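Chemist:
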Amino acid sequence: MAGSPTHAAVEQALDAYRAVTVDKLLRLLPDREPRRYLYDLIPSYPTRPGKGLRPGLCIATCRAFGGSTRAVLDSAVAIELLHNAFLIHDDLEDGSEFRRGGPTLHVEQGLPIAVNVGDAMNVLSIRVLMANLTMLGPTLTWRVFTEIEHMVRESVEGQAMELGWIRDNVVDLTEPDYLRMNLKKTCWYTCIHPCRIGALIGTGGAIDPAGFDRFGYYMGAAFQIQDDILNLVGERSKYGKEIGGDIWEGKRTLILIHLLTTCDAQELERVRRFLAEPRPDRTARQIRGVYRLLDKYGSIDYARTAARQLAGAALREFFVAYREAPDSDDKRFIEGVVLYMIERDL
Amino acid sequence: MAGFAQTTSRIVRQAASILEEEIAAGVVAAKQVEQRFIDVDALRSGDPGEVIQRFRRDTHEVVDILLDLAHAASRSLGDVAGRAVRLRPAGIGAARPAAKESFMAGPSTPTLNLPQPLEPGGSSEVVMNVENDSDSPTAAFEFHNTDLIDQSGNRIPADQVTFSSESLTVGPHQTEKVAIRVTVPVGTPPGLYSGLLQASRLDNLKAILVIEIT
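Those protein sequences? They're chains A and B, same order as listed.
Letter by letter, the first sequence follows residues 4 to 349 in the numbering used here.
Letter by letter, the second sequence follows residues 32 to 245 in the numbering used here.
Right, here's the structure in full:
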């Protein structure tokens with residue numbers, strides 16, 4: 004097999020997978036009223052600059068196992084719709100103001116309209132999945148349905164865990180707590196299920212999708228930890244969200260949990276009091292204080308090491324999960340995207 | 032990176048343990064859900080009406096609308112296929128095809144399965160009976176067929192399928208046999224391929240040809 008693709012090649016492939024997905028997504032939108040308050044707003048997030056990791060993994064895995072883009076595209080579009088619906092609601096729940104280089108939808112359009120656009124994207128994903136019936140037949144369509152149902156359920160459960168920790172100011176969290184939340188909130192829908200669905204469709208249902216669980220989990224966990232690092236130290240022009248936003252929001256990232264479990268009692272109490280305050284009451288001075296503690300205890304470097312270790316484990320699992328797939332550009336893309344995800348700066 | 036991939040660490044071991052716990056919990060939950068809502072085996076082998084009913088019970092009301100249309104369409108196909116001249120796999124008395132396949136094309140469209148899986152480069156044939164239950168002979172007709180495709184969209188070209196009789200006429204209350212031969216091109220990916228056979232001049236005379244490539 005040829006060597007791993009360069010980051011430029013991975014980005015080029017991601018762009019291609021994303022382009023075909025977004026193109027299909029836009030063509031599926033109903034051409035009807037209400038346009039101004041609903042259908043014209045649905046393309047807002049999908050057409051902003053983004054990585055397109057989820058449809059990329061789904062399409063590439065399907066093709067790597069012999070399937071066609073056409074066979075898997077509706078499922079990839081459904082995942083992308085659900086992802087963007089999740090982002091709209093996530094931005095509301097977090098009070099975020101920037102997403103992918105622009106104002107969040109609720110800042111731009113107001114809260115009620117934004118909530119409804121998210122709801123509409125969820126509903127439209129059902130319609131797209133129904134279209135699988137003619138292409139994949141009833142059995143495989145149903146299997147994809149069950150994959151999606153599990154994916155969405157895990158995501159909302161993981162989101163509930165994180166939101167609950169923030170609301171109740173839970174600070175006695177450990178690394179396993181974070182890993183479980185990350186698995187549920189992010190990994191199932193970012194990596195595991197896109198790969199499982201792609202492989203199921205690519206093989207006509209012949210493959211055991213459980214073979215992709217470890218690969219997807221390690222990769223998704225590495226991806227999320229890298230995302231959390233970029234949130235603190237990235238460039239806003241590349242990252243697309245406000246830098247330090249996770250600290251303003253009190254998100255229980257691996258970085259924050261490392262700090263909470265390593266700092267002394269006095270510092271812990273100071274951080275706990277900071278996290279207990281409502282977001283609007285937090286000050287830039289407090290944020291700088293948290294940054295100093297993260298630096299003192301090497302929490303960001305700790306997370307960076309963890310992300311690399313998880314990416315290494317993902318790469319090891321890649322060679323197991325994809326061993327039956329012949330060499331192809333799609334397979335090489337998946338191998339390359341593992342490292343890309345932890346070395347990216349956006 | 033190869034060495035890096037071989038290393039292990041505490042966080043990876045923790046992650047592996049959590050994944051196993053969550054999957055175990057998920058399997059239990061899924062079993063409970065299956066028992067409540069879904070009989071998977073029945074879903075996969077049941078007749079088309081039952082499959083549709085299960086979809087109807089288990090999914091959102093929005094899905095109902097499409098399924099109603101699908102059900103109506105398949106019922107309509109079955110009505111058309113119930114006319115006097117019909118196809119049957121040779122040696123099989125029951126006109127009802129396997130339910131799993133029949134859902135795809137309508138309840139009364141028969142399925143012709145090649146008896147054994149084939150390898151690329153191989154060839155095999157299946158014989159079908161053309162029955163005329165009416166009191167008058169059919170006009171002369173011939174068979175046409177589509178490409179065979181699998182679920183990934185791979186194709187066996189239509190001209191790889193040949194018929195033992197180029198033109199056929201079936202007398203009143205008579206049965207004629209037609210052998211259908213499929214030659215699989217070298218390099219055809221494994222999969223379950225299917226395509227439509229259709230008689231000229233007789234809209235209702237059609238069947239689904241199914242072949243497994245290993």
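Where a beta carbon is used, it is the ideal one built from N, C-alpha and C, also for glycine.
On a predicted model such as this, the values are computed, not experimentally measured, just so you know.
(1) How is the beta strand (DSSP E) around Ala230 (chain B) delimited, first residue to last?
(2) Let me check understanding here. Comparing Cα to Cα, which of A:Arg311, A:Arg170, A:His153, A:Cys61 lies closest to Ala56 (chain B)?
(3) By Cβ distance below 6 Å, which residues in the same chain neighbour His261 (chain A) in space, the five residues on each side in sequence not counted?
(4) CB-CB under 6 Å to Thr214 (chain B), same chain, minus the five flanking residues each way: which ones, in chain order?
(5) Could you tell me whether any Cβ in chain A is nearer than 8 Å to the Cβ of Leu145 (chain B)?
(6) Taking a contact to mean a Cβ-Cβ separation below 8 Å, would you say Ile151 (chain A) touches Leu136 (chain A) in this structure?
(7) Quick check on Gln227 (chain A) - is its C-beta less than 8 Å from some C-beta in chain B?
(8) Say whether the region 315–323 of chain A touches the region 276–294 of chain A, bearing in mind that this needs 3 or more beta-carbon pairs closer than 8 Å, one atom from each stretch.
(9) Starting from Thr206 (chain A) and walking both ways along the alpha helix (DSSP H), at which residues does that stretch end?
(10) What does the Cβ neighbour count give for Gly152 (chain B), buried or exposed, with the cut at 16 atoms within 10 Å?
(11) Is the number of C-beta pairs between the region 78–86 of chain A and the region 117–132 of chain A that are closer than 8 Å three or more?
(12) Given Gly401 (chain A), which residues of its chain have a CB within under 6 Å of its CB, disregarding the five upstream and five downstream residues?
(13) Using only the heavy atoms of the ligand PLP, determine whether one of them is closer than 7 Å to the beta carbon of Phe89 (chain A).
(14) Name, going along the chain, the residues of the region 67–98 of chain A whose beta-carbon falls closer than 7 Å to a beta-carbon of chain B.
(15) Work out the CA separation of Ile42 (chain B) and Asn172 (chain A) for me, nearest whole Å.
(16) If you check the beta carbons only, do Gly237 (chain A) and Pro220 (chain B) fall under 8 Å apart?
(17) Just how far apart, CA to CA, sit Thr107 (chain A) and Asp231 (chain A)?
(18) From Phe68 (chain B) to Gln205 (chain B), what does the alpha carbon distance come to, in whole angstroms?
(19) Which residue's Cα is closest to the Cα of Asp26 (chain A): A:Ala12, A:Pro37, A:Ile45, A:His10?
(20) Using a C-beta to C-beta distance shorter than 8 Å, which residues of chain A count as neighbours of Glu162 (chain B)?
(21) Based on DSSP bridge pairs, tell me the residues matched to Arg186 (chain B).
(22) Is the region 166–183 of chain A touching the region 110–119 of chain A, taking contact as three or more C-beta pairs under 8 Å?
(23) Sorted by chain position, which residues of the same chain lie with C-beta nearer than 8 Å to Pro146 (chain B)'s C-beta, five sequence neighbours on each side aside?
(24) Alpha carbon to alpha carbon, how far is Gly315 (chain A) from Arg276 (chain A)?
(25) At which residues does the beta strand (DSSP E) containing Ile211 (chain B) begin and terminate?
(26) Using 8 Å as the cut-off, can you tell me whether the region 197–208 of chain A makes contact with the region 254–274 of chain A, which would need three or more C-beta pairs spanning the two stretches below that distance?
(27) Runs of 4 residues minimum, wholly inside the region 170–230 of chain A: which ones carry the alpha helix (DSSP H) assignment?
(28) So is Lys187 (chain A) buried or exposed if we call it buried at 16+ other beta carbons inside 10 Å?
(29) Which one or two residues does DSSP pair with Thr193 (chain B) in a beta bridge?
(30) Taking all protein chains shown into account, decide if Glu252 (chain A) is buried (16 or more other Cβ within 10 angstroms of its Cβ) or exposed.
(31) Tell me, which residues are paired with Pro106 (chain A) by DSSP?
(32) Along the chain, where does the alpha helix (DSSP H) that runs through Ile303 (chain A) open and close?
(33) Please report the Cβ distance between Leu335 (chain A) and Pro8 (chain A), rounded to the nearest whole angstrom; I am assuming they are in contact, meaning their Cβ atoms lie under 8 Å.
(34) Thinking Leu41 (chain A) and Ala123 (chain A) are a contact (beta carbons under 8 Å), I'd like their distance in whole angstroms, please.
(35) Note the first and the last residue of the continuous beta strand (DSSP E) segment covering Thr142 (chain B).
(36) For Gly184 (chain B), decide whether its Cβ has a neighbour in chain A, counting only Cβ atoms nearer than 8 Å.
Modeler: Reading off the structure:
(1) Numbered from its first residue, the second sequence carries residue 230 (chain B) at position 199. First-last of the beta strand (DSSP E) with Ala230 (chain B): 222–230.
(2) What you label residue 56 (chain B) is simply residue 25 of the second sequence in a count that begins at 1. Among A:Arg311, A:Arg170, A:His153, A:Cys61, the Cα nearest to that of Ala56 (chain B) is on A:His153.
(3) For this step, residue 261 (chain A) is matched to residue 258 along the first sequence. Once the five neighbours on either side are set aside, the close Cβ partners of His261 (chain A) are Ser302, Tyr305.
(4) Indexing the second sequence from 1 puts residue 214 (chain B) at position 183. Cβ within range, chain order: Ser154, Gln191.
(5) The residue labelled residue 145 (chain B) in the question sits at position 114 within the second sequence. So, not an interface residue.
(6) Locating residue 151 (chain A) in the first sequence gives position 148, where the first residue counts as 1. Locating residue 136 (chain A) in the first sequence gives position 133, where the first residue counts as 1. Not a contact, by the Cβ cut-off of 8 Å.
(7) Numbered from 1 along the first sequence, position 224 holds the residue referred to as residue 227 (chain A). So, not an interface residue.
(8) no
(9) As a working mapping, residue 206 (chain A) is identified with position 203 in the first sequence. Unbroken run through Thr206 (chain A): none, as it is neither H nor E.
(10) Locating residue 152 (chain B) in the second sequence gives position 121, where the first residue counts as 1. Classification for Gly152 (chain B): exposed.
(11) yes
(12) In this structure chain A extends from 4 to 349, so residue 401 (chain A) is not present and cannot be described.
(13) Although the ligand PLP was asked about, the structure shown includes no ligands whatsoever.
(14) Gly69, Gly70, Ser71, Arg73, Ala74
(15) Taking the first residue of the first sequence as 1, we reach residue 172 (chain A) at position 169. Taking the first residue of the second sequence as 1, we reach residue 42 (chain B) at position 11. C-alpha separation (whole angstroms): 24 Å.
(16) Counting from one through the first sequence, the residue named residue 237 (chain A) turns up at place 234. Counting from one through the second sequence, the residue named residue 220 (chain B) turns up at place 189. No.
(17) Numbered from its first residue, the first sequence carries residue 107 (chain A) at position 104. Numbered from its first residue, the first sequence carries residue 231 (chain A) at position 228. Taking the straight line joining both Cα atoms gives about 19 Å.
(18) Within the second sequence, numbered from 1, the residue matching residue 68 (chain B) stands at position 37. Within the second sequence, numbered from 1, the residue matching residue 205 (chain B) stands at position 174. Bear in mind that the predicted position of Phe68 (chain B) carries a pLDDT of just 44, short of 50, making it too unreliable to give a figure here.
(19) Counted from its first residue, the first sequence places residue 26 (chain A) at position 23. The shortest Cα separation from Asp26 (chain A) among A:Ala12, A:Pro37, A:Ile45, A:His10 belongs to A:Ile45.
(20) Indexing the second sequence from 1 puts residue 162 (chain B) at position 131. Those within 8 Å of Glu162 (chain B) in chain A number zero; the least Cβ separation is about 28 Å.
(21) Counting from one through the second sequence, the residue named residue 186 (chain B) turns up at place 155. Paired residue(s): B:Ile180.
(22) no
(23) What you label residue 146 (chain B) is simply residue 115 of the second sequence in a count that begins at 1. These residues qualify, in order along the chain: Ser155, Val157.
(24) The residue given as residue 315 (chain A) occupies position 312 in the first sequence. The residue given as residue 276 (chain A) occupies position 273 in the first sequence. In a straight line, the C-alpha of Gly315 (chain A) is about 37 Å away from that of Arg276 (chain A).
(25) Within the second sequence, the letter at position 180 stands for residue 211 (chain B). First-last of the beta strand (DSSP E) with Ile211 (chain B): 206–214.
(26) no
(27) 178–185, 196–205
(28) For the purposes of this step, residue 187 (chain A) is taken as residue 184 along the first sequence, with counting starting at 1. Answer is buried; the Cβ neighbour count reaches 16.
(29) Locating residue 193 (chain B) in the second sequence gives position 162, counting from the first residue. Thr193 (chain B) is bridged to B:Arg212.
(30) As a first step, residue 252 (chain A) is located in the first sequence; it is residue number 249 there, counting from the start. When all chains shown are included, Glu252 (chain A) counts as buried.
(31) Within the first sequence, residue 106 (chain A) is the residue found at index 103, counting from 1. A:Phe101.
(32) Here residue 303 (chain A) corresponds to residue number 300 of the first sequence, with the count starting at 1. Note, Ile303 (chain A): alpha helix (DSSP H), 302–324.
(33) The sequence position of residue 335 (chain A) within the first sequence is 332, counting from 1. The sequence position of residue 8 (chain A) within the first sequence is 5, counting from 1. Before going further, note that residue 335 (chain A) is Arg rather than Leu in the sequence given. Confirmed, Cβ separation roughly 5 Å.
(34) Position 38 of the first sequence, counted from the first residue, corresponds to residue 41 (chain A). Position 120 of the first sequence, counted from the first residue, corresponds to residue 123 (chain A). Contact holds; Cβ gap of about 6 Å.
(35) Here the question's residue 142 (chain B) lines up with position 111 in the second sequence. Its beta strand (DSSP E) spans residues 142–144.
(36) Taking the first residue of the second sequence as 1, we reach residue 184 (chain B) at position 153. Judged by the 8 Å Cβ criterion, Gly184 (chain B) is in contact with chain A.
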